[in-house]
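Chemist:
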Amino acid sequence: MASYNIGVIGGDGTGPEVTAEAVKVLKAAAEKFGFSVNLTDYDLGGERYMRTGETLPDSVVEELRGFDAILLGAIGHPDVKPGILEKGILLKARFALDQYINLRPVKLFPGVECPLKGKGPEDIDYVVVRENTGDLYSGAGGFTLKGTPDEVAIQTSVYTRFQVDRCLKYAFEYAGKHGKKARGVGEENTLALCGKTNVLTFVYDLWERAFHEMGEKEYPDIRRDYYHVDATCMWMVKNPEWFDVIVTGNMFGDIITDLGAMTQGGMGIAAGGNINPEGVSMFEPIGGSAPKYTGKGVINPLAAICAMQMMLETLGQGAAGARIEEVVKIVTGTKLKSLAAGRMGYSTSEVGDMVAEMVAG
Ligand code: IPM
Ligand code: MN
600 MASYNIGVIG GDGTGPEVTA EAVKVLKAAA EKFGFSVNLT DYDLGGERYM RTGETLPDSV
660 VEELRGFDAI LLGAIGHPDV KPGILEKGIL LKARFALDQY INLRPVKLFP GVECPLKGKG
720 PEDIDYVVVR ENTGDLYSGA GGFTLKGTPD EVAIQTSVYT RFQVDRCLKY AFEYAGKHGK
780 KARGVGEENT LALCGKTNVL TFVYDLWERA FHEMGEKEYP DIRRDYYHVD ATCMWMVKNP
840 EWFDVIVTGN MFGDIITDLG AMTQGGMGIA AGGNINPEGV SMFEPIGGSA PKYTGKGVIN
900 PLAAICAMQM MLETLGQGAA GARIEEVVKI VTGTKLKSLA AGRMGYSTSE VGDMVAEMVA
960 G
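This note's numbering applies: residue 600 is where the sequence shown begins, and numbers increase by one.
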């Protein structure tokens, strides 16, 4: 029987609540599909930071390396200055574990209210492959004359050919396996590069050259499109059905996936995976810690459940993953009144119970 060691970081705010529901469903899936899970909880986040000054200790990073996968709730605390926990925990984990892909599906499920007029589940069904280690996230930069009227602040977007190539390779492979043709819903598998070659003439020049070189040489059957990031936002709203797989740098990927999340019904449902294809990956709902809903039992756990579902697919438990997705669709399509916190018609744990029971049944 396959057995997986999973690290669980509930984190801040509503993170632990939604993670508990994901774990509930994970256990039901393990039972049903015949695999086992050993879970190890980590107490990381704002409370621990305020108590001990620690964010993500190096010793914990070493422990995290040993897991088959990591499930993360949310990071961010209202009493901690923005940036400390994000950099100290989330970004540190992504960098230290070299999770160089951030895979973010934008998928509208049945019954989910979509803010885009006239668009349904067949129109909003694509994936963003966000590079997850470089760009403005590299930490390069600094101040001079800080606090004076002549202050200068610099934050540098950094990409190496190696980072770009490994991300593109993942994206082309992904488009070949999961693109619209591969899924039987289109004529072609398409990979679109989202860049800004008209202004960022160094970094996105590198991306564009690497994209076409690799595509032409190694993936001639995958159609290549290019969009500037501002136009990408426009088409994500106006013609989302044009997209299949989008690959982009870290900063644009961060921004366009929040836009994508809103078009798929919001933070209650949007999930992502920080993936190291050769190492340990970490899965998380892409919404934040939602402090104002903490402990009220009103937050939607489906995003965390979908993150766990992505984790199972990555671990090779495809049947369990497919079943969970099916059940989530039934729940959004026929049960929940809304995906918004407090308006689901069910509590957080009732949603988790419902999904777990249907997965088990
Ligand atoms: C995300 C988040 C993070 C990011 C923050 C919390 C550091 O917005 O996962 O998209 O910018 O990557
Ligand atoms: Mn973000």
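Note that the Cβ used here is the ideal one computed from N, Cα and C, for glycine as well.
(1) Taking only runs that begin and end inside the region 759-847, name each unbroken alpha helix (DSSP H) of 4 or more residues, in chain order.
(2) Could you name the residues, in chain order, whose CB is less than 6 Å away from a heavy atom belonging to ligand 2?
(3) Can you tell me whether residue 703 is helix, strand or coil according to DSSP?
(4) How many Å lie between residue 934 and residue 948 at the Cα?
(5) DSSP beta-bridge partners for residue 669?
(6) Rounding to the nearest angstrom, what Cα-Cα distance links residue 959 and residue 708 in this structure?
(7) Which two residues bound the contiguous beta strand (DSSP E) that contains residue 635?
(8) So, using beta-carbon positions, are residue 542 and residue 903 closer together than 8 Å?
(9) According to DSSP, what are the bridge partners of residue 752?
(10) Thinking C-beta only, is residue 788 closer than 8 Å to residue 774?
(11) Do you know how far the Cα of residue 914 is from the Cα of residue 835?
(12) In whole angstroms, what separates the C-alpha of residue 859 from that of residue 867?
(13) Answer yes or no: do residue 888 and residue 651 have a C-beta to C-beta separation smaller than 8 Å?
(14) Please look up how many angstroms separate the CB atoms of residue 954 and residue 624, rounded, as I've assumed it's under 8 Å.
(15) Determine the direct distance from the alpha carbon of residue 689 to that of residue 872, and round the result to whole angstroms.
(16) State the Cα-Cα distance for the pair residue 811 and residue 792, rounded to the nearest angstrom.
(17) Output yes or no for whether 8 Å exceeds the beta carbon distance between residue 696 and residue 605.
(18) Could you tell me whether the Cβ atoms of residue 692 and residue 655 are closer together than 8 Å?
(19) Could you please give me the residues that DSSP links to residue 873 through a beta bridge?
(20) So the candidates are 631, 799, 629 and 666; which of them puts its Cα closest to the Cα of residue 639?
(21) If you draw a straight line from the alpha carbon of residue 944 to that of residue 897, how long is it in whole angstroms?
(22) In the structure shown, what three-state DSSP assignment does residue 734 receive?
(23) How would you write the range of the alpha helix (DSSP H) that residue 905 sits in, first residue to last?
(24) If you compare alpha carbons, which of 632, 856, 646 and 663 is closest to residue 878?
(25) Excluding the 5 residues preceding and the 5 following residue 795 in the sequence, name in chain order all residues of the same chain whose CB lies nearer than 8 Å to its CB.
(26) Is it the case that the region 671-679 contacts the region 643-650, given that we only count it when at least three CB pairs across the two stretches are under 8 Å?
(27) Do residue 617 and residue 675 have their C-beta atoms within less than 8 Å of each other?
(28) Looking at C-alpha atoms only, which residue of 735, 798, 784 and 729 is the closest neighbour of residue 765?
(29) When you compare each of 821, 854 and 701 to residue 833 by their alpha carbons, which one comes out closest?
(30) Say yes only if the C-beta of residue 885 is nearer than 7 Å to one or more non-hydrogen atoms of ligand 1, and no if none qualify.
(31) Any idea if residue 753 is buried or exposed, counting beta-carbon neighbours within 10 angstroms, 16 or more meaning buried?
(32) Between the beta-carbon of residue 714 and the beta-carbon of residue 861, is there less than 8 Å?
Modeler: In brief:
(1) Those alpha helix (DSSP H) runs which fall completely within the region 759-847 and span 4+ residues are 760-777, 802-817 and 828-837.
(2) With the cut-off at 6 Å, the residues found are 853 and 857.
(3) In the three-state scheme derived from DSSP, where H, G and I count as helix and E and B as strand, residue 703 is classed as strand.
(4) Between residue 934 and residue 948, the alpha-carbon positions lie close to 14 Å from each other.
(5) Note: residue 669 sits in a beta bridge opposite 606 and 881.
(6) Those two C-alpha atoms are separated by around 21 Å.
(7) First-last of the beta strand (DSSP E) with residue 635: 635-641.
(8) Here the chain comprises residues numbered 600 to 960, so residue 542 is not present and cannot be evaluated.
(9) DSSP, once it has assigned bridges, lists 742 as partnering residue 752.
(10) A contact, by the Cβ cut-off of 8 Å.
(11) Residue 914 has its alpha-carbon roughly 30 Å from the corresponding atom of residue 835.
(12) A direct Cα-to-Cα measurement between residue 859 and residue 867 gives close to 13 Å.
(13) In this structure, residue 888 lies away from residue 651, with their beta-carbon atoms at least 8 Å apart.
(14) Correct: roughly 5 Å between the Cβ atoms.
(15) Taking the CA atoms as reference points, residue 872 sits about 12 Å from residue 689.
(16) Between residue 811 and residue 792, the C-alpha separation is close to 10 Å.
(17) Inclusion of residue 696 and residue 605 in the CB contact set at 8 Å is not warranted, their separation being larger than that value.
(18) For residue 692 and residue 655, yes; Cβs fall inside 8 Å.
(19) 701 and 881.
(20) Considering only alpha carbons, the answer is 666.
(21) Looking at the two C-alpha atoms, the distance is approximately 9 Å.
(22) Strand at residue 734.
(23) Bounds of the alpha helix (DSSP H) holding residue 905 are 901-914.
(24) Of all alpha-carbon atoms in 632, 856, 646 and 663, the one lying nearest the alpha-carbon of residue 878 is that of 663.
(25) For residue 795, where only same-chain residues beyond five positions count, the Cβ hits under 8 Å are 803, 827, 828, 829 and 851.
(26) Output reads yes: the region 671-679 touches the region 643-650.
(27) In this structure, the beta-carbon distance from residue 617 to residue 675 does not fall below 8 Å.
(28) Of the listed residues, the one whose Cα sits closest to residue 765 is 729.
(29) For the set 821, 854 and 701, the Cα lying nearest the Cα of residue 833 is the one of 854.
(30) Remark: the shortest separation between the CB of residue 885 and any heavy atom of ligand 1 falls under 7 Å.
(31) Looking at its Cβ environment, which holds fewer than 16 other Cβ atoms inside 10 Å, residue 753 is exposed.
(32) In contact: residue 714 and residue 861 (Cβ atoms closer than 8 Å).
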